[in-house]
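Here is the structure we will look at, set down as structure tokens.
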Amino acid sequence: MTTNILELTSIDKHFGDGDSRVDALQGINLTVGIGELVALIGPSGSGKSTLLSIAGALLTPTNGQVLLDGANITQRSSAERTQLRLAKYGFIFQGSNLISYLTGREQMLFIAHLIGLPGAEAERRADRLLHDLGMTDRAGHYPEELSGGQRQRIAIARSLMNDPRIILADEPTASLDSVRGRQVVEMLAKEVHEREKGGILVTHDERLIDLCDRVVRITDGLLHEDETVGAARAVAV
Amino acid sequence: MFLALREIRHAKLRFALITGVIVMVSSLVFILSGLANGLSAGNTAAIDAMPIDGMVISNGSDYLLDRSSVGADKARGIASIAGIETAEPLGVSSASIRKQGETKLLGVSFFGVVPGGVLEPRIQKGNRLGAQAHGVVIDESLVDDGIRLGDTFTTEPDGVELTVVGITTGQTYRLAPVVFMPLDLWQQIQPIRQGTTQDDVTAIVVRGSSQAIATIPETVPNTMVGSINQIANHIPGESEQNATLLLIQVFLVVIAAGIIAAFFYIITLQKMPELGVMKAIGTGTGYLARTLITQVLALAVVGVLIGISIADTLALIIGNAVPYSITTQRMALFGGVLLLVAVSGTALSLARIARVDPLDAINKAG
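Read top to bottom, the protein sequences are chains A and B. Each residue of the first sequence is one higher than the one before, starting from 70 at the first, in the numbering used here. Each residue of the second sequence is one higher than the one before, starting from 66 at the first, in the numbering used here.
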């Protein structure tokens, strides 16, 4: 019995060989508990994208172990990882996040289609999520007709469509002003807490970390727990 | 497919344009095919239609009926060979005719056949050969030139009067309508060339087993045998013209493949970031590949169907002015080739899709 959704243990990631070898991550340990939103903060080139990619089953580590819901997913094949991402992960990216030729509601139904959810159930789930994120009136619009904040709300709704275990958000507020950015992260935090998902939020914006349960900082491939916010940790271990 | 049609629906203009290109190329392919077929039929239809297994022609004629001359009396000897069912003389010549009271000359092919024999044409209107001494049966395409049942015309320059007693259809040779006449009449009006006699004809047509036909040159001196295909393909210009038109069609299909490949490749390149996101959220490469192929097939099927209807409409408009004929089989063949070519044109794009890395969805700068 584990209370952690995601456990990264002793993760190393190297790129290249010999003189050109880059140690992107060194000995990283990171856990994400149930209903916990972890902020991952680091400057450019710190390795936070690499860490997010390994946590998100997009990349395999050189050394170390990745457990998702207690299952070791470290050395899964590319096709298996694709399946895993579809089944267990919700993703929110910063830029061209949505599929340009699908309406908001279709973005959701596409996920349902991929996971084989029956039509009526898919529509019910999509409409509920759109309602929860306040996007019901904009559900029939294409991404180009939506504002940046609306697009990210659709993206949050989409990331929940497959009822994932964990949501990974890669700088979801980068293209938003601070007010809208904060609204988006508030919604993300609320969904993670209420639905008991795990969450990792990669961000530059220090003003958002009070919405997160825990903050980890990464510099030159090394991870540090941020004690100042550690007190806000929501999950009792 | 969830994505395929939604994407087409969203970018209507873009996909309509590429469908337009497919329409133009496919209609051109079908029209050319019809014209090639029509030309070929105009050249060889009367030969192709003969219910025979081969022709006995003079040795050294190289399958050219113009160069062949065989004694009509040899038909009897050939008919007595075991395995030969029928042997009948056939006279073929090019001629000019003029309708009485008019000055315009018309080019025709004279076929002298045995009345009641295997080569007698199927009558569409009027009477059979032999009903009247100088009665002839004409191909209906001469009717377009103003010659009708019962009309009389003269051969030029000899001025022999011939009367139309019957009309047949689909009988053209060397792009000229065929005028069928009794063999003895053909022999009478035929100018005697050097080394030939009044009794000579162009060929002896035979029906029978192929082994028996092959032995004919052994028993009948100075002859060779040719199949219908050999004779038809040696009509001057026939094989060259077919090769030229086939080459044009092949080029068109290749160009279509290139255009379709380039179009979908560019669209795929434009979608790379989006494809990265799709793979990151769990869409398999196979799914994306099937989506692309579905789109290409949908556009190609629509394009080819419109192309066929345009070709058909054009064929109606040009009517008999230009020889045009296309069979359903040929349309299906070219349509199938175009679809195949369209799908194979996606290979480049599919290779791109396979190489899309879901990692691209992650912000690299971080």
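From the three backbone atoms N, C-alpha and C, an ideal C-beta is built for every residue, glycine too.
Inset, instruction - Please compile the residues from chain B whose C-beta is within a distance smaller than 8 angstroms of the C-beta of Arg193 (chain A). - result: Here the premise fails: no neighbours, minimum Cβ distance about 18 angstroms.
Legend entry - Among B:Pro242, B:Leu70, B:Phe245, B:Asp265, nearest to Gln252 (chain B) - alpha-carbon criterion: Out of B:Pro242, B:Leu70, B:Phe245, B:Asp265, B:Asp265 has the C-alpha closest to the C-alpha of Gln252 (chain B).
Legend entry - Beta-carbon spacing of Gln236 (chain B), Asp204 (chain B) below 9 angstroms: Yes, the Cβ-Cβ distance between Gln236 (chain B) and Asp204 (chain B) is below 9 angstroms.
Inset, instruction - State whether the segment 142-152 of chain B contacts the segment 318-327 of chain B, with contact taken as three or more CB pairs (one from each stretch) at a distance under 8 angstroms. - result: At 8 angstroms Cβ cutoff, the stretches do not touch.
Legend entry - Separation of Ser113 (chain A) from Ser244 (chain A), as counted between CA atoms: Near 17 angstroms, if we compare the C-alpha coordinates of Ser113 (chain A) and Ser244 (chain A).
Inset, instruction - Note down the Cα distance separating Leu171 (chain A) from Ile358 (chain B), rounded to an integer number of angstroms. - result: Using only the alpha carbons, I get a separation of about 19 angstroms.
Inset, instruction - Compute the beta-carbon to beta-carbon distance between Leu364 (chain B) and Ile87 (chain B), rounded to the nearest angstrom, for a pair I have assumed lies under 8 angstroms. - result: Ile87 (chain B) and Leu364 (chain B) do touch by the CB rule: their CB atoms are close to 6 angstroms apart, below 8 angstroms.
Legend entry - Spatially closest choice to Leu100 (chain B) from B:Ile427, B:Gln276, B:Ala376, by CA coordinates: That would be B:Ala376, whose Cα lies nearest to the Cα of Leu100 (chain B).
Inset, instruction - Would you identify the three-state DSSP class for Glu105 (chain A), choosing helix, strand or coil? - result: In the displayed model, Glu105 (chain A) falls within coil according to three-state DSSP, outside both helix and strand.
Inset, instruction - Step through the CB atoms of chain A and report whether any lies within less than 9 angstroms of the CB of Tyr238 (chain B). - result: No, no contact with chain A.
Inset, instruction - Return no unless some Cβ of chain A is closer than 9 angstroms to the Cβ of Glu72 (chain B). - result: So yes, Glu72 (chain B) belongs to the interface.
Inset, instruction - Starting from His262 (chain A), trace the alpha helix (DSSP H) both ways and give me its first and last residue. - result: Unbroken alpha helix (DSSP H) run through His262 (chain A): 247-263.
Legend entry - Other residues of its chain near Ile287 (chain A): CB distance less than 7 angstroms, five sequence neighbours each side excluded: Here the set comprises Leu109, Gly111, Ser115, Gly116, Lys117, Leu120.
Inset, instruction - Just the C-alpha distance for Ala326 (chain B) and Leu398 (chain B), rounded to the nearest angstrom, thanks. - result: Each residue's Cα considered, the two are about 21 angstroms apart.
Inset, instruction - Can you grab the Cα-Cα spacing for the pair Asn287 (chain B) / Met89 (chain B), in whole Å? - result: Those two C-alpha atoms are separated by around 53 angstroms.
Legend entry - First and last residue of the uninterrupted beta strand (DSSP E) at Tyr389 (chain B): For Tyr389 (chain B), no beta strand (DSSP E) encloses it, and the DSSP letter there is neither H nor E.
Legend entry - Chain-ordered neighbours of Glu175 (chain A) on chain B, where CB pairs are closer than 9 angstroms: Those are Phe67, Arg71, listed as they occur along chain B.
Inset, instruction - Would you verify that the beta carbon of Gly125 (chain A) is, or is not, closer than 9 angstroms to some beta carbon of chain B? - result: Yes - at least one Cβ of chain B is within 9 angstroms of the one on Gly125 (chain A).
Legend entry - Selected residue, minimal CA-CA separation from Leu68 (chain B), among A:Ile180, A:Arg150, A:Thr78: Cα-wise, what sits closest to Leu68 (chain B) is A:Ile180.
Inset, instruction - Please check the pair Ile223 (chain A) and Leu136 (chain A), which I expect to be a contact at CB under 8 angstroms, by giving their CB distance rounded to whole angstroms. - result: That pair is no contact at about 31 angstroms.
Inset, instruction - Ignoring anything shorter than 4 residues or poking outside the segment 273-358 of chain B, list the alpha helix (DSSP H) runs there in chain order. - result: Entirely contained in the segment 273-358 of chain B, the alpha helix (DSSP H) runs reaching 4 residues are, in chain order, 275-279, 281-284, 293-298, 303-335, 337-345.
Legend entry - Environment of Ser304 (chain B) [buried if 16+ CB atoms lie within 10 Å]: Exposed is the label assigned to Ser304 (chain B), since fewer than 16 other Cβ atoms lie within 10 Å of its Cβ.
Inset, instruction - Please report the Cβ distance between Ala198 (chain B) and Pro388 (chain B), rounded to the nearest whole angstrom; I am assuming they are in contact, meaning their Cβ atoms lie under 8 angstroms. - result: Not really, about 33 angstroms apart at Cβ, beyond 8 angstroms.
Inset, instruction - Starting from the C-beta of Gln95 (chain A), find all residues in its chain whose C-beta is less than 7 angstroms away, skip the five residues before and the five after it, and write them out in chain order. - result: Closer than 7 angstroms at Cβ, skipping near neighbours: Asp81, Gly290, Leu291.
Inset, instruction - Give a yes or no on whether 9 angstroms exceeds the smallest Cβ distance from Gly84 (chain B) to chain A. - result: The question names Gly, but residue 84 (chain B) in the sequence shown is Thr. Not closer than 9 angstroms to any Cβ of chain A, the Cβ of Thr84 (chain B) fails to qualify, so no.
Legend entry - 9 angstroms Cβ cutoff, Ala148 (chain A) in contact with chain B: At a cut-off of 9 angstroms between beta-carbon atoms, Ala148 (chain A) makes contact with chain B.
Inset, instruction - Take Tyr128 (chain B) and list the residues in its own chain whose beta-carbon comes closer than 6 angstroms to its own, dropping the five residues that flank it on each side. - result: Residues Gly291, Gln295, Ile296, His299 of the same chain have their beta carbon placed closer than 6 angstroms to that of Tyr128 (chain B), with the five preceding and five following residues left out of the count.
Inset, instruction - Taking all protein chains shown into account, decide if Leu82 (chain B) is buried (16 or more other Cβ within 10 angstroms of its Cβ) or exposed. - result: Result: exposed.
Inset, instruction - With a 10 Å radius around its C-beta and 16 neighbouring C-beta atoms as the bar for buried, classify Gln263 (chain B) as buried or exposed. - result: With fewer than 16 other Cβ atoms within 10 Å, it is exposed.
Legend entry - Candidates A:Ala124, A:Leu186, A:Leu270, A:Asp201, of which the one nearest Asp310 (chain A) by Cα: Nothing about residue 310 (chain A) can be read from this structure; chain A reaches only from 70 to 306.
Inset, instruction - Going by DSSP, name the residue or residues bridged to Gly125 (chain B). - result: As DSSP reads the structure, Gly125 (chain B) sits in no beta bridge.
Inset, instruction - Could you tell me the distance, in whole angstroms, from the CA atom of Arg207 (chain A) to the CA atom of Ala189 (chain A)? - result: When only Cα atoms are considered, Arg207 (chain A) and Ala189 (chain A) end up about 20 angstroms apart.
Legend entry - Inter-stretch contact at 8 angstroms, needing at least 3 Cβ pairs: the segment 111-128 of chain B / the segment 403-412 of chain B: They do not touch, by the three-pair rule.
Inset, instruction - Grab me the residues of Gly368 (chain B)'s own chain with a C-beta within less than 7 angstroms of its C-beta, minus the 5 sequence neighbours each way, in chain order. - result: Excluding positions up to five away in sequence, the list reads Thr84, Ile87, Val88, Ser91.
Legend entry - Reduced DSSP category for Ala301 (chain A) - H, G, I as helix; E, B as strand; rest coil: Only weak support is given to the placement of Ala301 (chain A): the predicted model assigns it a pLDDT of 46, under 50, and the value that follows is read from those uncertain coordinates. If DSSP states are grouped into helix, strand and coil, Ala301 (chain A) belongs with coil.
Legend entry - Distance, Ile257 (chain B) Cα to Leu170 (chain B) Cα: Inter-residue distance for Leu170 (chain B) and Ile257 (chain B) is about 22 angstroms (C-alpha atoms, whole angstroms).
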